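To start, the structure itself, in structure tokens.
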Amino acid sequence: MKKIILISFIFLFSIHANAACKFDLDFGEDISKIQDKYGQAMPLENFGEDELSMVIAVADEVCPNHRLKDVAIEYRFLNDKLAAVNLISLNTESDTKKSEKLTIMKYVKRNYGDFDTGQTPTSYLGYEVFEKTKQFIVYQRTLDDLGFIEEQMYLSNKKYDELLGIFYNQLEEEMAKSESQN
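Per our numbering, the sequence shown starts with residue 201, numbered consecutively.
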């Protein structure tokens with residue numbers, strides 16, 4: 201009986217230890233909750249009365265127990281409410297080894313689900329989508345215009361993902377409209 205209790209305790213503790221990072225904020229919470237900690241938001245886009253802004257943080261500081269070295273967190277706010285979180289691998293032109301570490305890929309697999317990367321995960325290019333009850337996650341590993349690997353993860357919920365989609369769609373329509381007038 202003691203062994204069963206001990207095994208159950210270890211199992212529950214190990215599940216809790218691998219829980220996804222909380223990112224200091226829930227979707228829909230106000231930007232003011234993290235500005236003192238990570239600095240003022242940078243405005244990105246405006247359309248009508250809607251404003252998209254971003255606060256950047258170092259993932260190791262926000263999620264110290266999740267092995268996210270050389271990863272940045274972009275908190276994206278729509279009208280000062282958290283709408284999405286992006287994890288961005290900080291690959292530099294002089295250090296392509298970071299792209300071989302698969303830091304974000306490992307984080308996504310540990311926390312949101314496994315996916316097929318073939319026999320050589322470092323060669324994987326593509327994206328994976330995970331729809332959880334209260335979260336929408338997109339993992340992406342692609343090549344940029346210079347041939348360097350870009351690795352990132354997008355995290356939102358259904359409500360804010362749809363609101364961001366509407367915002368970006370309206371912004372693109374306005375840009376296309378003004379280009380056609382020129």
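The beta carbon of each residue, even a glycine, is placed where N, CA and C say it ideally should be. None of the values given here were measured: they were computed from a predicted structure.
In this structure, Val262 lies away from Ala241, with their beta-carbon atoms at least 8 Å apart.
The segment 297-339 is shown to contain whole alpha helix (DSSP H) runs of 4 or more residues at 297-300 and 303-311, in chain order. Taking a 10 Å sphere around the C-beta of Ser289, we find 16 or more other C-beta atoms and assign the residue as buried.
With a threshold of 16 other beta carbon atoms within 10 Å, Ser378 falls short and is exposed.
Our two residues, Tyr327 and Gly318, have alpha carbons roughly 13 Å apart in a direct line. Under the 10 Å beta carbon count, Val271 is surrounded by 16 or more other beta carbons and is classified as buried. Around the CB of Thr320, fewer than 16 other CB atoms lie within 10 Å, so the residue is classed as exposed.
A straight-line Cα-Cα distance of about 44 Å links Ser323 and Gln381.
If you look at Asn286, you'll find it in the beta strand (DSSP E) that goes Lys281 to Ser289. Ranked by how close their Cα comes to the Cα of Leu346, the residues Lys281, Glu331, Asn291 and Gly365 have Asn291 in first place.
Distances from the alpha-carbon of Ile234 to those of Asp250, Ala257 and Leu252 put Ala257 closest. For Asn279, the closest C-alpha among the options Ile273, Leu287 and Phe227 is that of Phe227. By the neighbour-count definition (other C-beta atoms within 10 Å, threshold 16), Thr333 is an exposed residue. Boundaries of the beta strand (DSSP E) around Leu252: Asp250 to Val258.
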